[in-house]
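Letter by letter, the sequence shown follows residues 93 to 442 of my numbering. All residues carry an ideal CB built from backbone N, CA and C; glycine is no exception. Heads up: the structure comes next, in structure tokens.
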Amino acid sequence: MHGEYKVPGGKLVVVDLDVADGLLADVRVSGDFFLEPDEALDAINAALTGLPATADTRVLTERVDAGLGPDAVLLGFSAQAVAIACRRALARATEWHDHDWHLVHEGPQDPAMHMAIDEVLAVDVAAGRRPPTLRIWEWAKPCVVIGSFQSLRNEVDAEGARRHGIEVVRRISGGGAMFIEPGNTITYSLYAPTSLIDGMSFADSYAYLDDWVLGAFNEDLGVRAWYQPLNDITSDGGKIGGAAQKRLATGAVLHHVTMAYDIDADKMLEVLRIGREKLSDKGTTSAGKRVDPLRRQTGLPREEIVDRMVGHFRRRYGLVNDTLTTGEQHAAAALAATKFATPEWTARIP
């Protein structure tokens with residue numbers, strides 16, 4: 093069995109192993125990481141050998157830590173990274189290059205239609221009707237997108253939204269509210285089989301699925317960016333964007349990110365009810381300072397930033413240009429009308 097795990101911002105960890113009588117056997121850890129002393133690698137292999145194949149990531153991590161001892165130095169990886177690679181081997185997880193990635197980047201859509209497309213494409217990937225896909229969103233109108241479990245009245249100032257003509261929609265993933273204005277936002281979704289993130293916790297998978305966009309920022313856009321747990325992409329200047337995720341029981345993961353290219357902070361504050369506790373948790377007292385727009389950081393047009401992001405993904409994993417099928421368009425339109433545009437769904441948590 094073979095498992096790989098690329099540490100976000102770090103190195104690749106590879107685990108090859110066998111299972112004999114339900115126990116890990118012939119464990120061989122490798123990768124492009126740095127490790128001192130040399131014999132520490134043998135200690136890692138020995139620590140994992142003989143453990144039950146059902147051992148979870150926590151148990152595997154603890155065993156590797158105990159086997160290494162206090163003098164070992166790990167650079168670019170960790171005991172937990174080894175454990176994740178081990179679990180991925182046991183789960184026969186897939187890698188990015190195992191999939192034929194498709195790109196969907198079409199014209200502006202209404203907010204409810206975007207919510208519906210997300211659900212339809214995730215379901216289709218799970219069913220094998222669509223290959224794993226990267227979708228770049230274009231917005232037809234301003235809106236606020238709230239998380240699946242958020243209270244509508246607690247997150248949105250209804251009067252402020254009406255005054256500014258802001259539509260409110262609810263997505264199927266968790267996370268916080270996003271303030272959207274066409275031309276000022278970069279949003280993308282990934283639809284992938286759950287095999288891509290087998291062996292990872294939710295927290296680990298967030299950074300793993302967005303490692304490519306961090307590469308685009310650092311290598312193609314000149315922005316020093318990193319992941320701030322649980323789901324923020326940030327930089328020296330402040331937060332760039334946030335991610336949300338939904339794992340379908342049928343076998344797919346939906347992972348989407350919204351980033352600020354530019355932002356009207358005053359308008360946002362009139363529409364979103366951003367509490368003091370949330371602001372203090374981010375280390376600032378001003379909501380306007382929480383988000384650092386990419387226009388200022390890069391000096392590039394929004395379209396150029398999107399093109400460089402897509403180009404980075406294409407070079408890294410391959411990408412075939414695609415469109416929504418007629419069936420997907422019809423299914424999404426029906427779902428938008430019967431679910432995402434209805435007050436019953438939007439206000440399901442008042």
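Check: On the three-state DSSP scale, how would you describe G239?
Finding: As a working note, residue 239 is residue 147 in the sequence shown. Assignment of G239 by DSSP, reduced to helix, strand and coil, places it in the coil class.
Checklist line | Secondary structure of T418, DSSP reduced to three states | finding: The count along the sequence shown starts at 1 and reaches residue 418 at position 326. Note: T418 maps to helix in three-state DSSP.
Checklist line | Given A158 as reference, the closest of G168, I366, A175 once Cα atoms are compared | finding: As a working note, residue 158 is residue 66 in the sequence shown. Nearest C-alpha to A158: A175.
Notebook entry, point to check: For E369, does the three-state DSSP call read helix, strand or coil?
Noted result: Here residue 369 is taken as the residue at index 277 of the sequence shown, counted from 1. Caution is warranted here: a pLDDT of 43 is assigned to E369, below 50, making its placement in the model unreliable, and the coordinate value is therefore given only provisionally. Correct three-state label for E369: helix.
Checklist line | D342, buried or exposed, once every other Cβ within 10 Å from all chains shown has been counted against 16 | finding: Indexing the sequence shown from 1 puts residue 342 at position 250. The sequence given here has Thr at residue 342, not Asp. Within a 10 Å sphere around the beta-carbon of T342 sit fewer than 16 other beta-carbons, which makes this residue exposed.
Next item on the list: Take V111 and list the residues in its own chain whose beta-carbon comes closer than 8 angstroms to its own, dropping the five residues that flank it on each side.
Entry: Along the sequence shown, read from residue 1 onward, the residue named residue 111 stands at position 19. If we look at V111 and ignore the five residues flanking it on each side, its Cβ neighbours are M93, A117, A145, L182.
Checklist line | Beta-carbon proximity list for A208, same chain, < 6 angstroms, skipping 5 on both sides | finding: Taking the first residue of the sequence shown as 1, we reach residue 208 at position 116. Excluding sequence neighbours, A208 sits near A424, L427, A428, F432.
Check: Do S287 and T186 have their C-beta atoms within less than 7 angstroms of each other?
Finding: As a first step, residue 287 must be located in the sequence shown, where it is residue number 195. As a first step, residue 186 must be located in the sequence shown, where it is residue number 94. Judged by beta-carbon spacing, T186 lies within the 7 angstroms limit of S287, meaning their Cβ atoms are closer than that value.
Next item on the list: Kindly indicate the opening and closing residues of the beta strand (DSSP E) around H206.
Entry: The residue labelled residue 206 in the question sits at position 114 within the sequence shown. Going by DSSP, H206 is part of no beta strand (DSSP E) but of the alpha helix (DSSP H) stretching over 203-219.
Notebook entry, point to check: Hey, how far is the Cα of K374 from the Cα of T350?
Noted result: In the sequence shown, counting from the first residue as 1, residue 374 sits at position 282. In the sequence shown, counting from the first residue as 1, residue 350 sits at position 258. In this prediction, K374 has a pLDDT of 49, which is less than 50 and means its spatial position is unreliable; nothing more can be read from the coordinates.
Checklist line | Which of helix, strand or coil DSSP assigns to W231 | finding: The count along the sequence shown starts at 1 and reaches residue 231 at position 139. Here DSSP, grouped into helix, strand and coil, assigns W231 to strand.
Item checked: Among E362, Y300, G391, V261, the one whose alpha carbon lies nearest that of P442 -> On the sequence shown, position 350 is the one that residue 442 refers to. Just measuring C-alpha positions, the residue of E362, Y300, G391, V261 sitting nearest P442 is V261.
Check: Which partner residues of E96 appear in the DSSP bridge assignment?
Finding: On the sequence shown, position 4 is the one that residue 96 refers to. Paired residues: V106.
Next item on the list: Can you give me the start and stop residues for the beta strand (DSSP E) that S170 sits inside?
Entry: Here residue 170 refers to the residue found at position 78 when the sequence shown is read from its first residue. Counting along the chain, S170 falls outside any beta strand (DSSP E), and DSSP gives it neither H nor E.
Notebook entry, point to check: Can you name the start and end residues of the alpha helix (DSSP H) that V304 belongs to?
Noted result: Here the question's residue 304 lines up with position 212 in the sequence shown. Note that residue 304 is Trp in the sequence shown, not Val. For W304, the uninterrupted alpha helix (DSSP H) run begins and ends at 303-307, by DSSP.
Note to self: Quick check on R316: does DSSP put it in helix, strand or coil?
What the structure shows: Along the sequence shown, read from residue 1 onward, the residue named residue 316 stands at position 224. R316 sits in coil when the DSSP states are folded into three classes, being neither helix nor strand.
Note to self: Excluding the 5 residues flanking V412 on each side, which residues of the same chain have their C-beta closer than 6 angstroms to its C-beta?
What the structure shows: As a first step, residue 412 is located in the sequence shown; it is residue number 320 there, counting from the start. Closer than 6 angstroms at Cβ, skipping near neighbours: H194.
Item checked: Exposed unless 16 or more other CB atoms sit within 10 angstroms - verdict on N246 -> The sequence position of residue 246 within the sequence shown is 154, counting from 1. Under this definition N246 is an exposed residue.
Notebook entry, point to check: Is the CB-CB distance between A177 and G95 below 7 angstroms?
Noted result: As a position in the sequence shown, residue 177 is number 85, starting the count at 1. As a position in the sequence shown, residue 95 is number 3, starting the count at 1. Their beta carbons are under 7 angstroms apart, which means A177 touches G95 by this criterion.
Note to self: Can you give me the C-alpha to C-alpha distance between K98 and S281, rounded to a whole angstrom?
What the structure shows: Within the sequence shown, the letter at position 6 stands for residue 98. Within the sequence shown, the letter at position 189 stands for residue 281. Rounded to whole angstroms, K98 and S281 show a C-alpha spacing of 20 angstroms.
Margin query: If distances are taken between C-alpha atoms only, which option among G161, V248, F309, A173 comes closest to A439?
Written below: Taking the first residue of the sequence shown as 1, we reach residue 439 at position 347. Nearest option by C-alpha distance: V248.
Notebook entry, point to check: Tell me, which residues are paired with M351 by DSSP?
Noted result: For this step, residue 351 is matched to residue 259 along the sequence shown. M351 has I278, G333 as its beta-bridge partners, per DSSP.
Item checked: Cβ-based burial, S243 [other Cβ within 10 Å; buried from 16] -> Locating residue 243 in the sequence shown gives position 151, where the first residue counts as 1. The residue is exposed, with fewer than 16 neighbouring Cβ atoms inside 10 Å.
Next item on the list: Would you list the residues sitting across from P285 in a DSSP beta bridge?
Entry: In the sequence shown, the residue the question calls residue 285 occupies position 193. The partner list for P285 (beta bridge, DSSP) reads A344.
Next item on the list: With T390 as the anchor, note down where its beta strand (DSSP E) starts and where it stops.
Entry: Here residue 390 refers to the residue found at position 298 of the sequence shown. Run containing T390: none in the beta strand (DSSP E); it sits in the alpha helix (DSSP H), 386-390.
Note to self: For D216, which residues in the same chain have their Cβ closer than 7 angstroms to its Cβ, ignoring the five residues on either side in sequence?
What the structure shows: Along the sequence shown, one-based indexing puts residue 216 at 124. Take D216, set aside five residues on each side of it, and the residues of its chain with a beta-carbon closer than 7 angstroms to its own are R222, E420, in chain order.
Notebook entry, point to check: For D354, which residues from the same chain have a beta carbon less than 7 angstroms from its beta carbon, with the 5 sequence-adjacent residues on both sides left out?
Noted result: Residue 354 sits at position 262 when you count from the first residue of the sequence shown. Only N276, P385, R387 meet the Cβ criterion.
Notebook entry, point to check: On the three-state DSSP scale, how would you describe N413?
Noted result: Here residue 413 refers to the residue found at position 321 of the sequence shown. When secondary structure is reduced to three states using DSSP, N413 falls in the strand class.
Margin query: Considering only the alpha carbon of each residue, which of T430, F405, E436 lies closest to D192?
Written below: Counting from 1 along the sequence shown, the entry for residue 192 is found at position 100. Considering only alpha carbons, the answer is F405.
Check: Can the beta-carbon of A232 be found less than 7 angstroms from the beta-carbon of D202?
Finding: Locating residue 232 in the sequence shown gives position 140, where the first residue counts as 1. Locating residue 202 in the sequence shown gives position 110, where the first residue counts as 1. The Cβ-Cβ distance between A232 and D202 falls below 7 angstroms.
Item checked: Alpha-carbon spacing of I366 relative to G333, whole angstroms -> The count along the sequence shown starts at 1 and reaches residue 366 at position 274. The count along the sequence shown starts at 1 and reaches residue 333 at position 241. If I take the Cα positions, the gap works out to 16 angstroms.
Check: DSSP state of S293, grouped into three classes?
Finding: Residue mapping note: residue 293 aligns to position 201 of the sequence shown, counting from 1. Coil at S293, not helix or strand.
Checklist line | Sequence-distant residues of the same chain with beta carbon closer than 6 angstroms to R408, five excluded per side | finding: One-based indexing of the sequence shown puts residue 408 at position 316. Hits under 6 angstroms: W304.
Next item on the list: Leaving out five residues on either side along the sequence, give the residues of the same chain with a beta carbon under 7 angstroms from the beta carbon of S122.
Entry: The count along the sequence shown starts at 1 and reaches residue 122 at position 30. Excluding positions up to five away in sequence, the list reads V106.
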